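Colleague: Here it is: the structure, laid out below.
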Amino acid sequence: SQKIEQNSEALNIQEGKTATLTCNYTNYSPAYLQWYRQDPGRGPVFLLLIRENEKEKRKERLKVTFDTTLKQSLFHITASQPADSATYLCAPVNQAGTALIFGKGTTLSVSS
Amino acid sequence: DSGVTQTPKHLITATGQRVTLRCSPRSGDLSVYWYQQSLDQGLQFLIQYYNGEERAKGNILERFSAQQFPDLHSELNLSSLELGDSALYFCASSLGTSGGQGNTDTQYFGPGTRLTVL
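Sequence lines, in order, name chains A and B. Heads up, the first sequence is in the numbering used here, so the first residue is 266 and it goes up one at a time. Heads up, the second sequence is in the numbering used here, so the first residue is 8 and it goes up one at a time.
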C-alpha cells in the first residue's frame with residue numbers, strides 16, 4: 266500500500282540555522298509533490314509544488330528538492346525564524362490524482 | 008484568511024447522534040474536498056466534489072455522506088457517531104481545473120470544525 270513517511274520526531278533548531286525536513290514515499294509514483302504548513306488548530310496552508318521533472322524549486326527562504334530515484338523530497342528553510350515554527354506536511358500526488366494524501370507531518374520548533 | 012468558511016467552529020454531541028458540517032468554498036472554486044484530522048491518524052482525505060458531482064472518494068465511512076449544492080457549498084453528514092469520530096474536519100476548495108482532475112491545483116483549507124463526541 267502507499268506509504269508516506271516524514272521525520273517522525275519534532276525537529277528543534279536554533280534561529281538562523283537551516284531546517285531540513287524529509288518526506289519519503291513507497292509504492293507510489295507521484296507526478297507532483299506539494300508541501301503545506303499547518304499551525305496548531307488551523308487548516309494547512311499551501312507552500313510549494315514541485316513536479317517530477319523538476320529537481321529543485323525555490324521560494325524566498327524555502328527550497329524543495331524531488332528525487333524520484335530515491336523516492337524522496339527534502340524541504341529546506343534557510344535562515345530559520347521562530348515564526349517558522351509549525352508542522353510541515355508533504356503530499357505526493359499521482360498523475361491522475363486530485364485529492365491529497367498527506368504524511369503525518371514534521372513539527373519544527375525554532376528557538377531564538 | 009483562505010476564503011473558505013466552515014460552520015460551526017465547534018460541535019459537541021453524544022454517541023449515536025447525527026451532525027452536519029457546512030463548507031463554503033472560495034469564490035470561483037468548483038472543487039470541494041473534505042478531510043478528517045485526528046491525533047493518531049493525521050490528515051485523511053474523505054471525499055471530493057466537483058461542480059456538484061462526486062469526483063473522488065477516500066477513506067470515508069458508510070456512516071458519513073456528503074453533497075455539493077448548486078451554489079457550490081458543501082455539507083458533510085456524520086451519523087451514528089462514535090467516540091472515535093472526534094476530530095478536526097477540514098474542508099478545502101480549489102479551482103477544479105481539468106474537470107476536477109487538475110492535480111496541480113492549490114487547495115485552500117478552511118479553519119475546520121472541531122467535533123467532540125461524548
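Glycine included, C-beta positions come from ideal geometry on N, C-alpha and C. Bear in mind that the values here come from a model prediction, so they are computed numbers and not experimental data.
#1: According to DSSP, what are the bridge partners of Pro15 (chain B)?
#2: Throw me the rounded Cβ distance for the Leu313 (chain A) and Lys322 (chain A) pair, which I believe falls under 8 Å.
#3: Find the residues of chain B that neighbour Leu276 (chain A), judging by a C-beta separation of less than 8 Å, and give them in chain order.
#4: Would you verify that the beta carbon of Leu373 (chain A) is, or is not, closer than 8 Å to some beta carbon of chain B?
#5: Express the C-alpha separation of Thr283 (chain A) and Glu325 (chain A) in angstroms, rounding to a whole number.
#6: Taking CB distances under 8 Å as the criterion, tell me whether Gly370 (chain A) reaches chain B.
#7: Determine the DSSP secondary structure at Leu298 (chain A), reduced to helix, strand or coil.
#8: I need the straight-line Cα distance from Ala348 (chain A) to Glu82 (chain B), nearest angstrom please.
#9: Using 8 Å as the limit for Cβ to Cβ distance, is Pro305 (chain A) near chain B?
Modeller: According to the structure shown:
#1: None; Pro15 (chain B) has no bridge partner.
#2: 6 Å
#3: Residues of chain B passing the Cβ test: none, with the nearest at roughly 17 Å.
#4: no
#5: 13 Å
#6: yes
#7: strand
#8: 34 Å
#9: no
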